[in-house]
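Participant: Numbering (UniProt numbering), first residue to last: 1 to 292. Positions of the beta carbon are idealized from the N, C-alpha and C atoms, including for glycine. So that we are looking at the same thing, I have put the structure below in structure tokens.
Here it is as structure tokens:
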């Protein structure tokens with residue numbers, strides 16, 4: 001079955017349909033060596049070579065691929081890139097392997113920021129969730145260093161001028177702390193580079209810790225360890241899809257993945273328990289030998 005070229009590329013995470021249509025119009029996309037035009041349809045198979053700016057791009061073969069979403073707890077020190085020339089750890093290193101699809105990150109977090117990062121196999125969903133026009137809310141827990149008074153809070157709420165344009169927090173709530181080390185919860189509806197840090201710096205306050213705790217209505221899962229992931233069930237996936245005007249899904253692979261992870265976790269716990277029992281047994285034997 002043939003599909004529009006921009007739909008195939010959007011699903012694979014190479015941009016929104018509108019962005020890809022612009023690329024096609026500019027002559028930047030080719031299919032099997034021929035420059036593509038708007039309206040082209042393709043039948044995806046392994047032998048097909050689709051290029052953007054001369055570079056072969058990965059595509060999703062199946063039009064019926066199930067939409068999957070992961071919630072990942074990004075630790076500080078990981079980069080939001082697929083490959084780093086210096087060999088530093090990336091957010092993709094720990095994710096489960098896929099066949100015929102790939103994980104697309106929903107937005108980015110800088111190397112010194114930790115917290116919730118969503119991944120999906122649906123590139124169109126990822127691009128819509130990131131687009132500023134959708135105004136999907138992001139919430140961050142921020143520890144700041146410096147004097148924060150009512151005037152600075154008003155500035156951050158009304159808007160300050162950054163080098164790439166005006167910006168403001170949608171909400172700011174004091175969350176605790178003493179002296180010049182205080183915690184705040186702030187929300188934004190866009191994801192510009194280092195925006196949270198730059199907003200605070202614009203009023204003379206430094207950010208010493210930054211954690212994303214929510215994306216839309218999806219919170220950072222309780223109990224999820226840093227570097228850990230969990231796959232979302234169908235209701236939260238469809239919440240995200242409906243949030244950006246995509247049709248709801250009717251099937252999910254979450255049960256298989258959760259069972260696999262639970263089994264692995266149980267194996268680890270059993271191994272630790274066996275090691276503990278063996279160690280305690282050895283200690284008792286040694287103790288008895290000494291008494292004898």
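Using 7 Å as the threshold, is the C-beta distance between residue 8 and residue 52 below it?
Facilitator: The count along the chain shown starts at 1 and reaches residue 8 at position 8. The count along the chain shown starts at 1 and reaches residue 52 at position 52. Cβ atoms of residue 8 and residue 52: not closer than 7 Å.
Participant: In whole angstroms, what separates the C-alpha of residue 41 from that of residue 28?
Facilitator: For the purposes of this step, residue 41 is taken as the residue at position 41 of the chain shown. For the purposes of this step, residue 28 is taken as the residue at position 28 of the chain shown. Computed Cα separation, rounded: 16 Å.
Participant: Helix, strand or coil for residue 197? Go by DSSP, reduced to three states.
Facilitator: Numbered from 1 along the chain shown, position 197 holds the residue referred to as residue 197. Three-state result, residue 197: helix.
Participant: Can you check DSSP and say which residues form a bridge with residue 174?
Facilitator: Within the chain shown, residue 174 is the residue found at index 174, counting from 1. Paired residues: 184.
Participant: Just curious, the alpha helix (DSSP H) that residue 11 is in, first and last residue?
Facilitator: Reading the chain shown from its first residue, position 11 is the one you call residue 11. Run containing residue 11: 5–11, per the alpha helix (DSSP H) assignment.
Participant: Which stretch, first to last residue, makes up the alpha helix (DSSP H) that contains residue 19?
Facilitator: For this step, residue 19 is matched to residue 19 along the chain shown. Its alpha helix (DSSP H) spans residues 17–25.
Participant: Pairs of beta-carbons, one from the region 219–235 and one from the region 106–120, closer than 8 Å: are there three or more?
Facilitator: Yes, the region 219–235 is in contact with the region 106–120.
Participant: Exposed or buried, residue 175, counting other C-beta atoms within 10 Å across all chains shown (16 or more means buried)?
Facilitator: Indexing the chain shown from 1 puts residue 175 at position 175. So residue 175 ends up on the exposed side.
Participant: Nearest-angstrom Cα distance between residue 225 and residue 250?
Facilitator: As a working mapping, residue 225 is identified with position 225 in the chain shown. As a working mapping, residue 250 is identified with position 250 in the chain shown. When rounded, the distance between both Cα atoms is 29 Å.
Participant: Would you report the Cα separation of residue 6 and residue 20, rounded to the nearest angstrom?
Facilitator: Here the question's residue 6 lines up with position 6 in the chain shown. Here the question's residue 20 lines up with position 20 in the chain shown. Spanning the two alpha carbons is a distance of roughly 6 Å.
Participant: Among 157, 163, 227, 14, which has the Cα closest to the Cα of residue 79?
Facilitator: Against the chain shown, residue 79 aligns to sequence position 79. Among 157, 163, 227, 14, the Cα nearest to that of residue 79 belongs to 227.
Participant: Check each candidate in 39, 33, 37 and name the one with the smallest Cα separation from residue 47.
Facilitator: As a position in the chain shown, residue 47 is number 47, starting the count at 1. Here the closest residue by C-alpha is 33.
Participant: Counting only runs of 4+ residues fully inside the region 231–257, write out the alpha helix (DSSP H) ranges in chain order.
Facilitator: For the region 231–257, whole alpha helix (DSSP H) runs of length 4 or above, ordered along the chain, are 234–243.
Participant: Does residue 83 pass the burial test, meaning 16 or more other C-beta atoms within 10 Å, or should it be called exposed?
Facilitator: Here residue 83 refers to the residue found at position 83 when the chain shown is read from its first residue. So residue 83 ends up on the exposed side.
Participant: Applying the criterion that 16 or more other CB atoms from any shown protein chain within 10 Å of the CB defines a buried residue, is residue 152 buried or exposed?
Facilitator: Translated into positions along the chain shown, residue 152 becomes position 152. The residue in question, residue 152, is buried, as its Cβ has 16 or more Cβ neighbours within 10 Å.
Participant: Closer than 8 Å is the cut-off here; do at least three beta carbon pairs connect the region 228–239 with the region 169–183?
Facilitator: With a cut-off of 8 Å, the region 169–183 and the region 228–239 do not count as touching, because too few Cβ pairs lie within range.
Participant: With distances taken Cα to Cα, identify the nearest neighbour of residue 186 among 207, 141, 200, 69.
Facilitator: Your numbering for residue 186 matches position 186 in the chain shown. Of the listed residues, the one whose Cα sits closest to residue 186 is 141.
Participant: Return yes when the Cβ of residue 214 is within less than 7 Å of the Cβ of residue 139, no when it is not.
Facilitator: Your numbering for residue 139 matches position 139 in the chain shown. Your numbering for residue 214 matches position 214 in the chain shown. Yes, Cβ-Cβ distance for residue 139 and residue 214 is below 7 Å.
Participant: Which of the three DSSP states, helix, strand or coil, is assigned to residue 30?
Facilitator: The residue you call residue 30 lines up with position 30 of the chain shown. Strand, per DSSP.
Participant: Where does residue 127 land, buried or exposed, given buried means 16+ other C-beta within 10 angstroms?
Facilitator: Taking the chain shown and counting its residues from 1, the one referred to as residue 127 is at position 127. It is buried - the Cβ of residue 127 has at least 16 other Cβ atoms within 10 Å.
Participant: The alpha helix (DSSP H) spanning residue 105 covers which residue range?
Facilitator: One-based indexing of the chain shown puts residue 105 at position 105. No alpha helix (DSSP H) holds residue 105; the beta strand (DSSP E) holding it covers 104–106.
Participant: Identify which residue in 54, 22, 106, 155 has its Cα closest to the Cα of residue 131.
Facilitator: Here the question's residue 131 lines up with position 131 in the chain shown. When each option's Cα is compared against that of residue 131, the closest is 106.
Participant: To which residues of the same chain is residue 271 closer than 6 Å at the C-beta, ignoring the five residues directly before and after it?
Facilitator: Here the question's residue 271 lines up with position 271 in the chain shown. Unreliable positioning characterises residue 271 in this predicted model, as indicated by a pLDDT of 43, which lies under 50. The coordinate reading is nonetheless provided below. If we look at residue 271 and ignore the five residues flanking it on each side, it has no Cβ neighbours.
Participant: Just the C-alpha distance for residue 145 and residue 198, rounded to the nearest angstrom, thanks.
Facilitator: Taking the chain shown and counting its residues from 1, the one referred to as residue 145 is at position 145. Taking the chain shown and counting its residues from 1, the one referred to as residue 198 is at position 198. Distance between the alpha carbons of residue 145 and residue 198: 14 Å.
Participant: Using the C-alpha atoms, what's the distance from residue 166 back to residue 189?
Facilitator: Translated into positions along the chain shown, residue 189 becomes position 189. Translated into positions along the chain shown, residue 166 becomes position 166. Those two C-alpha atoms are separated by around 13 Å.
Participant: With a CB to CB cut of under 6 Å and the five nearest residues on each side skipped, what residues in its chain are close to residue 81?
Facilitator: In the chain shown, counting from the first residue as 1, residue 81 sits at position 81. Result list for residue 81: 90, in chain order.
Participant: Buried or exposed, going by whether 16 or more other CB atoms sit within 10 Å of the CB of residue 55?
Facilitator: Position 55 of the chain shown, counted from the first residue, corresponds to residue 55. Residue 55 is exposed by the Cβ-count criterion.
Participant: Buried or exposed for residue 278, please, with buried defined as at least 16 other CB atoms from any protein chain shown within 10 angstroms of its CB.
Facilitator: Position 278 of the chain shown, counted from the first residue, corresponds to residue 278. Residue confidence for residue 278 is low, a pLDDT of 43 falling below 50, so the modelled location carries little weight and cannot support an answer.
Participant: By Cβ distance below 8 Å, which residues in the same chain neighbour residue 24 in space, the five residues on each side in sequence not counted?
Facilitator: Start at 1 with the first residue of the chain shown, and residue 24 comes out as number 24. Cβ neighbours of residue 24 beyond the five flanking positions: 5, 6, 36, 37, 38, 40.
Participant: Note down, one range per segment and in chain order, each beta strand (DSSP E) of at least 3 residues found wholly within the region 133–171.
Facilitator: Those beta strand (DSSP E) runs which fall completely within the region 133–171 and span 3+ residues are 138–145, 160–162, 165–167.
Participant: Would you identify the three-state DSSP class for residue 227, choosing helix, strand or coil?
Facilitator: In the chain shown, the residue the question calls residue 227 occupies position 227. Coil.
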